[in-house]
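Before any comments, here is the structure.
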Amino acid sequence: MKIKKNIALSDTGFVFNPASGDSFSVNPIGLEIMKLLQENKSHEVIKKHLLETYSVDKDTIEKDFYDFAKMLEQFKVTESDEKKES
Amino acid sequence: MKRKKVNVAVTGLNNVDSPGPGIPVVRGLLDSKEYDVRIIGLSYDALEPGIYMHELIAKTYQIPLPSAGQNSLMERLRYINSIEKIDVIIPNFDAELFNFIKLADTLEMELGIRSFLPTLEQFEERQKYNLPEFGKKYDINIPKSKTIHSVAEIKNLYQEFTYPLVVKGKFYDASVAYNADQATSYFHKISSKWGLPIIIQEFTYGTEVNVTAVGDGRGNTIGAVPMRKQFITDKGKAWAGITLEDGDLMDLTRKLMKNSKWKGPCELEMIRTNEGEIYLIEINPRFPAWVYLAVGAGQNHPEALLKLALGEKVKPFTKYETGKMFIRYSYDMICDLKEFETISTLGEL
Amino acid sequence: MKKLQYERPLIQRLNTGLMNKFGMKTEYTPHTHIDEVSVKSLIKEFGSPLFVISEKTIRNTYKEANRAFKTRYPKVQFAWSYKTNYINAVCNVFHQEGSWAEVVSGFEYHKALNNGVPGSKIIFNGPDKSEDDLRAAINNESPIHIDHLDELYHLNELAVEMNKRPKVAIRVNMDTGVYPMWDRFGFNYENGQAWDAINKIILADKLDLVGLHSHIGTFMLSPSAYGVAASKLSDLALGIKKKYKKNILYLDMGGGFASKNTLKGSFLQGVDTNPNFDQFAEAISTAILNAGFGTDELPLLVLETGRALIDDAGYLLGSVISNKRLSDGRRATILDFGVNVMFTSFWYDHKISPAQDFGNYTEDSVLYGPLCMNIDVIREHITLPPLKRNDHVVVHTVGAYNMTQWMQFIALRPAVVMIDMKNKVHLIRKRENLEYLEACEVKPDYLKSFKL
Chain A
108 MKIKKNIALS DTGFVFNPAS GDSFSVNPIG LEIMKLLQEN KSHEVIKKHL
158 LETYSVDKDT IEKDFYDFAK MLEQFKVTES DEKKES
Chain B
1123 MKRKKVNVAV TGLNNVDSPG PGIPVVRGLL DSKEYDVRII GLSYDALEPG
1173 IYMHELIAKT YQIPLPSAGQ NSLMERLRYI NSIEKIDVII PNFDAELFNF
1223 IKLADTLEME LGIRSFLPTL EQFEERQKYN LPEFGKKYDI NIPKSKTIHS
1273 VAEIKNLYQE FTYPLVVKGK FYDASVAYNA DQATSYFHKI SSKWGLPIII
1323 QEFTYGTEVN VTAVGDGRGN TIGAVPMRKQ FITDKGKAWA GITLEDGDLM
1373 DLTRKLMKNS KWKGPCELEM IRTNEGEIYL IEINPRFPAW VYLAVGAGQN
1423 HPEALLKLAL GEKVKPFTKY ETGKMFIRYS YDMICDLKEF ETISTLGEL
Chain C
46 MKKLQYERPL IQRLNTGLMN KFGMKTEYTP HTHIDEVSVK SLIKEFGSPL
96 FVISEKTIRN TYKEANRAFK TRYPKVQFAW SYKTNYINAV CNVFHQEGSW
146 AEVVSGFEYH KALNNGVPGS KIIFNGPDKS EDDLRAAINN ESPIHIDHLD
196 ELYHLNELAV EMNKRPKVAI RVNMDTGVYP MWDRFGFNYE NGQAWDAINK
246 IILADKLDLV GLHSHIGTFM LSPSAYGVAA SKLSDLALGI KKKYKKNILY
296 LDMGGGFASK NTLKGSFLQG VDTNPNFDQF AEAISTAILN AGFGTDELPL
346 LVLETGRALI DDAGYLLGSV ISNKRLSDGR RATILDFGVN VMFTSFWYDH
396 KISPAQDFGN YTEDSVLYGP LCMNIDVIRE HITLPPLKRN DHVVVHTVGA
446 YNMTQWMQFI ALRPAVVMID MKNKVHLIRK RENLEYLEAC EVKPDYLKSF
496 KL
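In the order they appear, the protein sequences are chains A, B and C. Per this note's numbering, the first sequence starts with residue 108, numbered consecutively. Per this note's numbering, the second sequence starts with residue 1123, numbered consecutively. Per this note's numbering, the third sequence starts with residue 46, numbered consecutively.
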């Protein structure tokens, strides 16, 4: 899963999808994850990083990351790895 | 003459097709000859056009919706005041007035922010469902009304009313029903949206006329300008309107202001029947969106209100130009996404 | 290196017309302590969910109500409405403050007696009083508030048989301009039923008519309606004085004052809009003082306010069981308490605060209870910071009716503790257990065993 190339992320947590015109807000940890996804980091690497940075257990990260990724999918700001952007 | 500097916070920046009064009020304030007014906008939604009108509004802050409660509003205003040092606040939405009236003393004592609003008693007694009592108390003609709580009461309305009659919601909405079936259907429609009671009002044939006015709270009418809508939008809002010369209307306005000791701005909605009688249909306890017509006709009501709020003595206006018109237009501003981002994420712009 | 505080990652669509978050913090300011006792320690010691009652808040609220009425009217007496919350510790705080008792059933009556309230200071209301109840009340000289004619005749018979003169009042219902009009209790004022009952009592001369009672509704938001009720009761009392040369000793205005809760569907917050004691007191006292009583014959004003005196003092603590996503993407949080213990969530949007610190971000959620029943919804819509499993929440203003209307359904009832004036915690009702639940059950012999 990758963040679509044209998605704009700002440091204030503002996310804009120029293709759809939708805008979103994310909290700092959400922003951090999105930026890591933009850098093509794998899910495993990101989860490991979160586990090292925050006081949180593995199961929680697992659940929350899954939920967040689902929301990104639902909001159509991501694309699956195979598909090329048109 | 050097104009005195003053910071005024204004709400109602939704200058859309069915506009809030904020921007017209701001224009009146900026026209002031005595005051150099700096406007602080207060918005509820990141898309209120006023937020982006930087030539009118120095800075806008998002504030919590009225339903979030007075504590939230107060906390937000404390923050805004710590940056902007607000002198006067002018709220312009019906739905927010209750909270601002309740907070008026605290705002003035704790933060030094003044306002000039109707009293809570005035605000309550002019509510639609209290209007018949209001009329009796202050000797104003009100169309015959009855408050009902159940559909079952509709079938007996013919004993007191003749069709058509007006079915009105507690706060908003009104529809003209020509028979009991229609009345029943409006009853359901309106009560599902605004709850009970429903107000049944006699339908009054005639011409609708509106007055924008400011009362000093001691019975004096500081200003009053009557207007007739010349054309209305499909939402029933004025598209164009013209100031009238109408002694009766002015007399009635002054009587209402005198008897009720109305404090602050208001819009009176009235019907002048074919027989020449005038009925009061509604009192809105704030400026109307067309208040800039009063400014154009020679009575700057927003400026007068500002002075009243600052505790100055204000001489009542004695005349206005009749036959002045307003024609409303919409205008597409070109805005930057960055600005939308800032107001959306930081809550200020 | 110390790790950073974790917050669940969140993304929300920016919609127009929805609640904006700026300045909205108060609804979700963390509420970590109640009267300086930490929520965490309370749950650790007594389990979750847990009802907590602040004695300090009860006494302060009572003093506030008392002040509002006593500064306006010379003779005022509160009577604690047992049905609102009849845990003995709670009742006794009110009795210590000077409240009489107001009961509506036999068991409540005996609860009040057991608590030590003298019979003459227990007001017996309600449509269903058994013969045993009435006999007890007559023997103890408790004021009996008559609800219907059958009861009136029954009391006449008992008076003769017991050779006593029961103290009675009649309950009067009336049009006070509010909807719905409660005309199912007592005798109607407008159509003359009330006068009928009064004539019957006085002419039969077997009962001592000492008071008049009305109770015009529940969660009343209009003080002026109480003004109307007080005028009409005064009018009856003065009429009785004129016709029979008899002084009515007290007017009981009942209860029904709204608390600070927010009714579902109301746009503004209850805490901002609902009338306070001063407004109710002003309307009632003014009406009675202006009715035309001589200064030496002003009746005692009795108030049976329940909800407005106890609601604020009650909290419900609970914990997060799980979070999920609904099919439309909305966040749902499942809590360990539901409508089984918080009946009032059917009509209020209760204020709910997280009990621990969190960041600035919030999300819109639905709050569900733990029951496997679709109607178990605590809040249909609330904005809260992200909550994790086992996080705690505090529900505010739940002191009235929940600890009497709670259901023993799917889950057993939780414990109730009271925090005293010195912030010491006392268990005042134990968490129910299986033994308690089965104590009243009887298993017939032939159903005692089976083979599977």
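Don't be surprised by glycine CBs; every beta carbon is placed ideally from N, CA and C.
Practice prompt. Please confirm whether A/V163 and C/Y481 have their CB atoms less than 8 Å apart.
Written response: no
Practice prompt. Per DSSP, which residues does B/V1159 bridge with? Please list them.
Written response: B/V1128
Worksheet entry | Residues bridged to B/N1332 (per DSSP) | Within the DSSP bridge table, the entry for B/N1332 names B/M1349 and B/E1391 as partners.
Worksheet item: Across which residues does DSSP place B/Q1323 in a beta bridge pair?
Response: DSSP links B/Q1323 through a beta bridge to B/S1267 and B/V1288.
Worksheet item: If you run the structure through DSSP and keep just helix, strand and coil, what is C/A31?
Response: The displayed coordinates of chain C run from 46 to 497. Any statement about residue 31 of chain C would go beyond what the structure contains.
Discussion item. Are the CB atoms of B/N1214 and B/P1188 within a distance shorter than 8 Å?
Written reply: no
Worksheet entry | Opposing strand residues paired with C/W125 [DSSP bridges] | In the DSSP output, where bridge partners are listed per residue, C/W125 has C/A146.
Worksheet entry | B/S1313: first and last residue of the uninterrupted alpha helix (DSSP H) it sits in | A1302 to W1316
Worksheet item: Going along chain B, which residues have a C-beta under 7 Å from C/V316?
Response: Chain B residues near C/V316: G1191.
Fill in: N-terminal and C-terminal residue of the beta strand (DSSP E) that A/V122 is part of
In the DSSP annotation of this structure, the continuous segment of the beta strand (DSSP E) that includes A/V122 starts and ends at F121 to N124.
Item to complete: Show which residues of chain C have a CB atom less than 8 Å away from the CB atom of B/P1319.
Response: Y224
Discussion item. Contact criterion: CB-CB distance below 8 Å. Does B/I1208 meet it with respect to chain C?
Written reply: no
Fill in: Neighbour-count burial assignment, B/S1272, 16 or more Cβ in a 10 Å radius
exposed
Discussion item. Would you say C/L59 lies against chain B (beta-carbon separation less than 8 Å)?
Written reply: yes
Practice prompt. Report the three-state DSSP secondary structure of C/R375 (helix, strand or coil).
Written response: coil
Worksheet item: Are the Cβ atoms of B/I1235 and B/I1211 separated by less than 8 Å?
Response: Yes, they are a contact pair.
Worksheet entry | Distance, C/N292 Cα to B/Q1192 Cα | 47 Å
Worksheet entry | Cα-Cα separation, C/I285 to C/L343 | 14 Å
Worksheet entry | Chain-ordered neighbours of C/Q17 on chain A, where CB pairs are closer than 8 Å | The structure shown does not extend to residue 17 of chain C, since chain C spans only 46 to 497, so no value can be given for it.
Worksheet item: B/L1390 and B/F1238: beta carbons closer than 8 Å?
Response: no
Worksheet item: Do C/D253 and C/V205 have their CB atoms nearer than 8 Å?
Response: No, these two residues do not count as a Cβ contact at 8 Å.
Discussion item. Which residues in chain A have a C-beta closer than 8 Å to the C-beta of C/K396? List them in chain order.
Written reply: Residues of chain A passing the Cβ test: none, with the nearest at roughly 23 Å.
Worksheet entry | Rounded separation between B/L1406 and C/I79 - CA only | Per the sequence shown, the amino acid found at residue 1406 of chain B is Asn instead of Leu. When rounded, the distance between both Cα atoms is 43 Å.
Worksheet item: Where does C/F388 sit, in a helix, a strand or coil, going by DSSP?
Response: helix
Item to complete: Could you tell me whether the region 1380-1396 of chain B touches the region 1325-1340 of chain B, using the rule of 3 or more Cβ pairs below 8 Å?
Response: yes
Worksheet item: Near B/D1153, what residues of its chain come up, given a Cβ to Cβ distance below 8 Å and the 5 sequence neighbours on each side ignored?
Response: V1417, N1422 and E1425
Worksheet item: For C/G301 and chain B, any beta-carbon pair shorter than 8 Å?
Response: Not an interface residue.
Practice prompt. Compile a chain-ordered list of the residues in the region 1293-1314 of chain B whose CB is closer than 7 Å to at least one CB of chain C.
Written response: none
Worksheet item: Between which two residues does the beta strand (DSSP E) harbouring B/S1466 extend?
Response: Taken as a continuous stretch (DSSP letters only), B/S1466 belongs to no beta strand (DSSP E), being part of the alpha helix (DSSP H) at L1459 to L1468.
Worksheet item: Is DSSP giving C/N160 helix, strand or coil here?
Response: coil
Worksheet item: Taking C-beta to C-beta, are A/M178 and A/L144 nearer than 8 Å?
Response: No, Cβ-Cβ distance for A/M178 and A/L144 is not below 8 Å.
Fill in: Buried or exposed by the 16-neighbour rule on C-beta atoms within 10 Å, applied to B/G1363
buried
Worksheet item: Is B/L1468 close to chain A, meaning its C-beta is less than 8 Å from at least one C-beta of that chain?
Response: By this cut-off, B/L1468 is an interface position.
Worksheet item: Using 8 Å as the Cβ pair cut-off and three pairs as the minimum, do the region 134-144 of chain C and the region 172-182 of chain C touch?
Response: no
Practice prompt. Kindly list, in the order they appear in chain A, the residues whose Cβ is closer than 7 Å to that of C/Y51.
Written response: Neighbours of C/Y51 on chain A, chain order: Y161, S162 and V163.
Worksheet item: chain C partners of B/P1188, CB-CB under 8 Å?
Response: F312 and L313
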